[in-house]
Amino acid sequence: MKLARDTWLIFQRQLKLLLRNPVWVFVGVFQPVMYLLLFAPLLKPALNAPTQAEAYKIFVPGLLVLLAIFGGLFQGFGLIAELRAGVIERSRVTPISRFALLLGRSLRDVVSLMVQAVIITLLALLFDLRVFIGDLLLAYLMLALIALMTSAVSYGVALKVKSEDALAPLMNTVAQPVLLLSGILLPLAFAPGWLQGVAKWNPFSWAVDGTRALFNGDIGNDRVWQGLSIITVLAAAGVYWAARQFARSVR
Amino acid sequence: MIQTRGLRKSFRSRAGREVKTVDAVRGVDLDVPAGEIFGFLGPNGAGKTTTLRMLATLIEPDGGQATIAGADLLKNPGEVRRRIGYVAQGGSTWDESTGREELVLQARMYGIGKAEAQRRAIRALEAFQLTEFADRKCKTYSGGQRRRVEIALGIIHEPKIVFLDEPTTGLDPQSRAHMWDEIRRLRTDGMTVFITTHYLDEADALCDRIAIMDHGEVVAEGTPTELKREISGDVVQVGLDVSATGEAEKLLDGEEYVNRLELLDEGGLRLFVDEGATAIPRILRRVDAAGLDLKSIELHRPSLDDVFLTKTGRSLRES
Ligand SMILES: Nc1ncnc2c1ncn2[C@@H]1O[C@H](COP(=O)(O)OP(=O)(O)OP(=O)(O)O)[C@@H](O)[C@H]1O
Ligand SMILES: [Mg+2]
Numbered sequence: 655m656k657l658a659r660d661t662w663l664i665f666q667r668q669l670k671l672l673l674r675n676p677v678w679v680f681v682g683v684f685q686p687v688m689y690l691l692l693f694a695p696l697l698k699p700a701l702n703a704p705t706q707a708e709a710y711k712i713f714v715p716g717l718l719v720l721l722a723i724f725g726g727l728f729q730g731f732g733l734i735a736e737l738r739a740g741v742i743e744r745s746r747v748t749p750i751s752r753f754a755l756l757l758g759r760s761l762r763d764v765v766s767l768m769v770q771a772v773i774i775t776l777l778a779l780l781f782d783l784r785v786f787i788g789d790l791l792l793a794y795l796m797l798a799l800i801a802l803m804t805s806a807v808s809y810g811v812a813l814k815v816k817s818e819d820a821l822a823p824l825m826n827t828v829a830q831p832v833l834l835l836s837g838i839l840l841p842l843a844f845a846p847g848w849l850q851g852v853a854k855w856n857p858f859s860w861a862v863d864g865t866r867a868l869f870n871g872d873i874g875n876d877r878v879w880q881g882l883s884i885i886t887v888l889a890a891a892g893v894y895w896a897a898r899q900f901a902r903s904v905r
Numbered sequence: 005m006i007q008t009r010g011l012r013k014s015f016r017s018r019a020g021r022e023v024k025t026v027d028a029v030r031g032v033d034l035d036v037p038a039g040e041i042f043g044f045l046g047p048n049g050a051g052k053t054t055t056l057r058m059l060a061t062l063i064e065p066d067g068g069q070a071t072i073a074g075a076d077l078l079k080n081p082g083e084v085r086r087r088i089g090y091v092a093q094g095g096s097t098w099d100e101s102t103g104r105e106e107l108v109l110q111a112r113m114y115g116i117g118k119a120e121a122q123r124r125a126i127r128a129l130e131a132f133q134l135t136e137f138a139d140r141k142c143k144t145y146s147g148g149q150r151r152r153v154e155i156a157l158g159i160i161h162e163p164k165i166v167f168l169d170e171p172t173t174g175l176d177p178q179s180r181a182h183m184w185d186e187i188r189r190l191r192t193d194g195m196t197v198f199i200t201t202h203y204l205d206e207a208d209a210l211c212d213r214i215a216i217m218d219h220g221e222v223v224a225e226g227t228p229t230e231l232k233r234e235i236s237g238d239v240v241q242v243g244l245d246v247s248a249t250g251e252a253e254k255l256l257d258g259e260e261y262v263n264r265l266e267l268l269d270e271g272g273l274r275l276f277v278d279e280g281a282t283a284i285p286r287i288l289r290r291v292d293a294a295g296l297d298l299k300s301i302e303l304h305r306p307s308l309d310d311v312f313l314t315k316t317g318r319s320l321r322e323s
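As structure tokens, this is what we get:
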């Protein structure tokens with residue numbers, strides 16, 4: 655009860671600050687929109703897809719997962735600014751729940767990701783993408799869990815390294831291989847066997863497959879529940895670990 | 005209200021490949037009764053902030069124990085948090101928020117309901133003369149206005165004790181005087197106020213009692229008057245060229261009316277004597293006879309700086 659109240663308090667505050675400067679939500683969505691408009695048209699011939707809509711069914715889920723991963727991973731920068739301003743220390747002397755300090759922030763990130771995902775989905779609809787609403791909502795759940803995990807991890811790491819200079823290369827180093835090994839841009843079905851083998855160990859690869867299956871209307875596909883379960887477990891672990899960083903001393 | 009025993013903290017820091025241990029606080033015993041303004045006086049790096057952060061539950065002590073407003077610091081930090089307020093040395097407001105938003109949020113973080121939080125924010129804004137700027141973003145505030153918001157944040161939940169880490173650093177003399185009044189008002193309201201400072205005059209004028217800290221240890225504790233009285237007699241400061249200082253030291257060190265003698269970095273000596281009025285003519289004669297060039301001579305009552313000097317061998321003004 656206290657956790658819910660405290661989380662809501664932090665969430666409200668963070669959302670209010672975000673809305674005061676909503677331009678960041680749109681800056682974040684700008685790059686994926688560019689991909690959607692300028693890169694996706696190449697895919698129909700490249701993938702040998704029968705229609706443009708088929709190509710989008712493969713590409714859009716990947717793009718959304720990409721957005722969730724990157725959107726989350728770079729949230730830590732804002733937290734470092736807050737650390738420097740003393741806002742975190744000020745929160746830590748109050749009896750507020752440390753879980754709430756993290757969850758309130760991460761949920762704000764999830765909401766801002768959802769807005770971006772809806773913008774991209776709507777645009778894709780213009781290009782004849784068609785998805786069942788139920789499948790789409792389940793796909794959004796997957797995205798929300800990914801964003802929850804990556805933003806929590808980013809906050810946790812930010813509290814550990816405490817400087818932008820360390821956070822930026824770290825996040826990039828983690829994100830690049832994760833990205834390439836998840837078949838985000840093109841399905842790993844095209845990959846040689848060894849690459850597929852390595853990708854099996856990348857949880858995001860399962861998430862991407864699951865999301866693609868959902869966009870394909872294939873809700874019974876094993877990858878859907880597998881992807882959701884893997885990401886749920888990881889999100890819970892990420893949130894737990896990051897909340898502990900909030901509880902530990904930070905300077 | 006606050007009782008500490010043997011509070012210790014060391015930091016490991018890395019400089020290149022070397023790992024160094026800094027003993028920031030080494031065994032602090034304090035007893036602060038309720039309702040007073042207690043001052044922590046010490047130079048940069050003395051360990052004031054580290055002690056405060058331990059007492060405010062922000063860092064865990066390596067050793068020792070403390071009871072704060074009746075709650076045990078180590079066993080029950082959650083209860084300590086509810087009973088104290090803490091205002092950090094480096095500020096704690098967010099550029100993009102307004103003063104009012106910060107105050108309401110702070111009250112809410114202490115579990116206070118929304119309506120009551122808003123009422124308290126209004127009262128705090130009035131008390132600290134901030135109403136005019138209440139709905140402007142913090143980044144537009146002057147240093148003094150911002151500091152006032154921060155102090156208001158520290159007491160919005162009406163704690164029994166408030167820790168203020170250097171509340172007046174960076175303020176102009178007028179804002180400082182205002183801040184002193186605010187702090188005295190907190191005492192009138194029944195709060196125990198624990199401040200740190202490296203201003204001698206602040207410790208002297210504002211604090212009921214002070215502890216002087218140096219290199220992680222409390223070297224003296226008492227009311228400003230008590231501490232100064234401990235150094236009996238007067239202080240005579242003799243201005244000399246650096247080159248002449250050594251010789252003068254030899255001349256005067258043996259004199260029976262000189263209780264203690266300190267060299268000044270900028271040249272000259274500080275002599276602790278029983279009675280300045282009779283010592284000065286004798287000092288003058290002695291220095292003159294040796295043909296040394298005496299530039300100035302001053303007599304003053306011992307200050308807190310002299311207390312610091314006798315306890316640590318250094319002057320607070322120089323460090
Ligand atoms: N997180 C830390 N890591 C390493 N060393 C630290 C840390 N915090 C403080 N120190 C060291 O501990 C010592 C005491 O620092 P502290 O901040 O308590 O001093 P202070 O009395 O508050 O000084 P000032 O008047 O400058 O604020 C200093 O030598 C400082 O460098
Ligand atoms: Mg300090």
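Residue numbers (the numbering used here), protein chains in the order written: chain A, 655 to 905; chain B, 5 to 323.
All C-beta atoms in this analysis are idealised placements derived from N, C-alpha and C, irrespective of residue type, glycine included.
Sorted by chain position, which residues of the same chain lie with C-beta nearer than 6 angstroms to residue i's C-beta, five sequence neighbours on each side aside?
i, result
"F167 of chain B", "L56, A60, Y90, F198"
"S323 of chain B", "Residue confidence for S323 of chain B is low, a pLDDT of 48 falling below 50, so the modelled location carries little weight; the figure read from the coordinates is stated next. For S323 of chain B, where only same-chain residues beyond five positions count, the Cβ hits under 6 angstroms are P47."
"F15 of chain B", "V26, A28"
"D278 of chain B", "G237"
"G810 of chain A", "W895, A896, Q899"
"A778 of chain A", "Y710, V714"
"A263 of chain B", "Correcting the residue type first, residue 263 of chain B is Asn in the shown sequence and not Ala. Cβ neighbours of N263 of chain B beyond the five flanking positions: F276."
"L256 of chain B", "V262"
Since residue i contacts residue j with CB under 8 angstroms, what's their CB separation in whole angstroms?
i, j, result
"L757 of chain A", "V893 of chain A", "7 angstroms"
"A121 of chain B", "A128 of chain B", "Between A128 of chain B and A121 of chain B the Cβ distance is about 10 angstroms, and since that is not below 8 angstroms, they are no contact."
"A926 of chain A", "F713 of chain A", "The structure shown does not extend to residue 926 of chain A, since chain A is modelled only from 655 through 905, so no value can be given for it."
"A896 of chain A", "A806 of chain A", "4 angstroms"
"G194 of chain B", "G68 of chain B", "Actually they are not in contact, since the Cβ atoms of G194 of chain B and G68 of chain B sit about 28 angstroms apart, beyond 8 angstroms."
"M796 of chain A", "S808 of chain A", "In fact, because the Cβ distance is near 19 angstroms, the residues do not count as touching under 8 angstroms."
"A754 of chain A", "T827 of chain A", "Contact doesn't hold; Cβ gap of about 30 angstroms is too wide."
"T97 of chain B", "R150 of chain B", "6 angstroms"
"G725 of chain A", "Q685 of chain A", "The Cβ separation is near 10 angstroms, so there is no contact."
"L835 of chain A", "V852 of chain A", "6 angstroms"
"S760 of chain A", "L718 of chain A", "About 18 angstroms separates the two Cβ atoms, so there is no contact after all."
"R87 of chain B", "A70 of chain B", "About 13 angstroms separates the two Cβ atoms, so there is no contact after all."
"V84 of chain B", "A92 of chain B", "Between A92 of chain B and V84 of chain B the Cβ distance is about 16 angstroms, and since that is not below 8 angstroms, they are no contact."
"D212 of chain B", "I63 of chain B", "About 27 angstroms; that fails the 8 angstroms criterion."
Based on the DSSP secondary-structure assignment, which residues constitute the bridge partners of residue i?
i, result
"T201 of chain B", "B:L45"
"H182 of chain B", "In DSSP, H182 of chain B forms no bridge with anything."
"I301 of chain B", "B:V242"
"D35 of chain B", "B:Q7"
"K24 of chain B", "B:S17"
"G226 of chain B", "B:I214"
"K141 of chain B", "B:T102"
"I72 of chain B", "B:I6, B:A75"
"L275 of chain B", "B:V240, B:L265"
"E221 of chain B", "B:D218"
Can you list, in chain order, the residues of its chain with a C-beta nearer than 8 angstroms to that of residue i? Leave out the 5 residues immediately preceding and following it.
i, result
"E100 of chain B", "K141, C142, K143"
"G871 of chain A", "V785, F786, D789"
"E1 of chain B", "No answer is possible for residue 1 of chain B: the residues shown for chain B start at 5 and end at 323."
"F44 of chain B", "K52, T55, L56, F198, I199, T200, T201, I214, A215, M217"
"F728 of chain A", "S808, M825"
"V878 of chain A", "L792, G864, A867, L868, D872"
"L308 of chain B", "L45, L204, A207, D208, I214, I216, P228, L231, K232, L320"
"L672 of chain A", "W678, V679, R762, S766"
"S859 of chain A", "L835, S836, G837, L842, A853"
"K24 of chain B", "R16, S17, R18"
"I66 of chain B", "The residue you asked about is not Ile; residue 66 of chain B is Asp in the sequence shown. Cβ within range, chain order: R12, K13, S14."
For residue i, which residues in the same chain have their Cβ closer than 7 angstroms to its Cβ, ignoring the five residues on either side in sequence?
i, result
"R104 of chain B", "A125, L129, A138, D139"
"P715 of chain A", "A793, V862, T865, R866, F869"
"P37 of chain B", "M5"
"R152 of chain B", "F132, L134"
"I664 of chain A", "A754, L755, G758, R759"
Check your understanding: So which residues put a beta carbon under 7 angstroms from any heavy atom of ligand 2, going in chain order?
Key -> Qualifying residues come out as B:K52, B:T53, B:Q93, B:D169, B:E170, B:T200.
Review point. Should the segment 294-309 of chain B be called in touch with the segment 232-241 of chain B, which here means at least 3 C-beta pairs below 8 angstroms?
Key: yes
Check your understanding: With contact counted as at least three CB pairs below 8 angstroms, one residue from each stretch, are the segment 740-752 of chain A and the segment 837-854 of chain A in contact?
Key -> Segments in contact, no.
Practice item. Give a yes or no on contact between the segment 256-276 of chain B and the segment 210-229 of chain B, applying the rule of three or more CB pairs nearer than 8 angstroms. Key: no
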